[in-house]
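J.:
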Amino acid sequence: MKLGRFIVDTHVHAQRHAAGPELKKEGGVQQSQKKIPYRDLAKIMPKLQTYDNSERLLYDMECYDVDMCILCSAFGMNNEINVQLVEKYPDKFRALCRAKETADKAQAGEIEWTMEAACEEIDRLLATGKFVGIGEGMPANSDNARTKKTYSHSQRMDELRLVMNVARKHQVPVRVHTGSPGGYPINYTFWPENWHPYWIHDLATEYPDVTIVFDHGGMQGGNMENLVDECIQVAANHDNVYLETGLYWTELYYKALLNPNVGPEKLIWGTDWGASQPTYTHIGAHPQTYTFQVRSEGIVTHQVDIMGWSLKQVSRLDISQDDLNLILGGNALRIYKINFPLTRMFKPVSL
Ligand SMILES: [Zn+2]
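Residue numbers (the working numbering): 39 to 389.
#1: Are residue 47 and residue 115 touching if we call contact CB-CB under 9 Å?
#2: For residue 188, I'd like the list of residues in its chain whose CB is within less than 7 Å of its CB, leaving aside the five on either flank, ordered along the chain.
#3: On the DSSP bridge assignment, give the partners of residue 54 in chain order.
#4: Is it buried or exposed for residue 175, if we count other Cβ within 10 angstroms and need 16 for buried?
#5: Label residue 245 either buried or exposed according to how many other C-beta atoms from any shown protein chain fall within 10 Å of its C-beta, with 16 as the threshold for buried.
#6: Roughly how many angstroms lie between the CA atoms of residue 416 and residue 171, to the nearest whole one?
#7: Quick one: residues with CB closer than 6 Å to any heavy atom of ligand 1, in chain order, please.
#8: DSSP on residue 282, reduced to helix/strand/coil?
#9: Count the CB pairs spanning the segment 130 to 145 and the segment 264 to 276 that are closer than 8 Å, and state whether there are at least three.
#10: Assign residue 241 to buried or exposed, taking buried as 16 or more other Cβ atoms, counted over all protein chains shown, within 10 Å of its Cβ.
#11: Near residue 45, which residues of its chain fall below 7 Å by C-beta distance, leaving aside the five closest residues on each side in sequence?
#12: Do residue 290 and residue 258 have their CB atoms nearer than 9 Å?
#13: Note the first and the last residue of the continuous beta strand (DSSP E) segment covering residue 103.
#14: At 4 residues or longer, what runs of the alpha helix (DSSP H) sit wholly inside the segment 155 to 235?
#15: Which residues in the same chain have their Cβ closer than 6 Å to the Cβ of residue 256, if we skip the five residues on either side of it in sequence?
#16: Nearest by alpha-carbon distance to residue 57: which of 350, 327, 231, 339 is it?
#17: Identify whether residue 70 lies in helix, strand or coil by the three-state DSSP scheme.
#18: Can you grab the Cα-Cα spacing for the pair residue 254 / residue 149, in whole Å?
#19: Run through DSSP, which three-state label would residue 126 get?
#20: Looking at residue 156: is its Cβ nearer than 9 Å to the Cβ of residue 146?
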């Protein structure tokens, strides 16, 4: 049975990295080597070419009755493929934008990366009307680790405010990345806010008219709940902050729903489909399964079935179907201003 009236996966990567050739060039990995270490992948990820992986995505969408996906870019992924997919399948896809040109030019040494340049690019992309938001995550400089530049809190907050200004101008949601994947590192030099969900209290207060979504709602990998707890507290204090929940196991949904200031109207389902995050099974532990990149096993090469795992977690929720419909699609339709053919199909939300 389909789990909701209209199901939107709000965090999807329809592009896949072609890592082999670049890894070979770097000399780190031989063709015959079975396991590719996460540290090798992290080094080359921003430089990688990506290809259209929508055939597998469309298969999974049909398999699990997912009606629509919000396509995101990340390391190395481009805006063009996502826009082409939106134009080809207008009923199935919407796209977020990412300042890739700025990142590429900085990577090539042509310019120095600045948030101003990244925001100019995002402003330009949003003006085309082809994107419904910014993400995933806030723009960041992938070169900071090499140059050993560590942000102060206020330096990074000033950068984030520039992104919020652009989001306000175009009235679109932003995404702040949170989570701990385990395999490839997320450094303070790249995304310091990833490790400090509380920083977002200030942005949410200063920009009450801009919707902020925590990518992964604090749970990208592993079974430590500290970032989830912090994300829930921020969402509970601000009407404009939402939690993406696709990598939550069942009890984490209940944890968020137990907070009377969160509730189903603040949760949006999004799985990170295509990010190749494996699901780890830890028999006898609780949770027994969760997303985690296990370093000793190397990167996964098959298409991880994250929609299947995630919807199974959701299916165990004993809450009203109308609440479930908000989490699985209704909130996403509202936040990303996507038309639904019928009125009164989702519980009204006054946020
Ligand atoms: Zn992602």
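We put the CB at the ideal spot given by N, CA and C, even for glycine.
T.: To lay it out plainly:
#1: Position 9 of the sequence shown, counting from 1, holds the residue named residue 47. Position 77 of the sequence shown, counting from 1, holds the residue named residue 115. For residue 47 and residue 115, no; Cβs fall outside 9 Å.
#2: For the purposes of this step, residue 188 is identified with residue 150 of the sequence shown, where counting begins at 1. Closer than 7 Å at the Cβ level, and outside the excluded window around residue 188, lie 226, 227.
#3: In the sequence shown, residue 54 corresponds to position 16, counting from 1. Residue pairing by DSSP places residue 54 opposite 89 in a beta bridge.
#4: As a position in the sequence shown, residue 175 is number 137, starting the count at 1. Buried, since its Cβ has 16 or more Cβ neighbours within 10 Å.
#5: Residue numbering aside, residue 245 sits at position 207 when the sequence shown is read from its first letter. Here residue 245 is buried. Its C-beta has 16 or more other C-beta atoms within 10 Å.
#6: The shown model of the chain, from 39 to 389, leaves out residue 416, and the question about it has no answer.
#7: Ordered along the chain, the selected set is 49, 51, 110, 112, 174, 310, 313.
#8: Counting from 1 along the sequence shown, the entry for residue 282 is found at position 244. Strand.
#9: No, because fewer than three Cβ pairs between the segment 130 to 145 and the segment 264 to 276 fall closer than 8 Å, the two stretches do not touch.
#10: Residue mapping note: residue 241 aligns to position 203 of the sequence shown, counting from 1. Buried, because 16 or more other Cβ atoms sit within 10 Å of the Cβ of residue 241.
#11: Here the question's residue 45 lines up with position 7 in the sequence shown. Only 103, 104, 105, 366, 367 meet the Cβ criterion.
#12: Stepping through the sequence shown from its first residue, residue 290 is reached at position 252. Stepping through the sequence shown from its first residue, residue 258 is reached at position 220. Not in contact: residue 290 and residue 258 (Cβ atoms no closer than 9 Å).
#13: Looking up residue 103 in the sequence shown gives position 65. Premise fails: residue 103 is in no beta strand (DSSP E) and is neither H nor E.
#14: The DSSP assignment places 182 to 185, 191 to 208 as complete runs of the alpha helix (DSSP H) inside the segment 155 to 235, in order along the chain (cut-off: 4 residues).
#15: Taking the sequence shown and counting its residues from 1, the one referred to as residue 256 is at position 218. Within the same chain, residue 256 has close Cβ partners 216, 265, 266, 269.
#16: Counted from its first residue, the sequence shown places residue 57 at position 19. With distances taken between Cα atoms, residue 57 lies closest to 339.
#17: Locating residue 70 in the sequence shown gives position 32, where the first residue counts as 1. The predicted position of residue 70 is uncertain, since its pLDDT is 46 and thus under 50; a value taken from the coordinates is nonetheless stated next. Coil.
#18: The residue labelled residue 254 in the question sits at position 216 within the sequence shown. The residue labelled residue 149 in the question sits at position 111 within the sequence shown. One C-alpha to the other measures close to 31 Å.
#19: To locate residue 126, count along the sequence shown from 1; it is residue 88. Judged by DSSP in its simplified three-state form, residue 126 adopts helix.
#20: Taking the sequence shown and counting its residues from 1, the one referred to as residue 156 is at position 118. Taking the sequence shown and counting its residues from 1, the one referred to as residue 146 is at position 108. Residue 146 sits away from residue 156, with the two beta carbons spaced by 9 Å or more.
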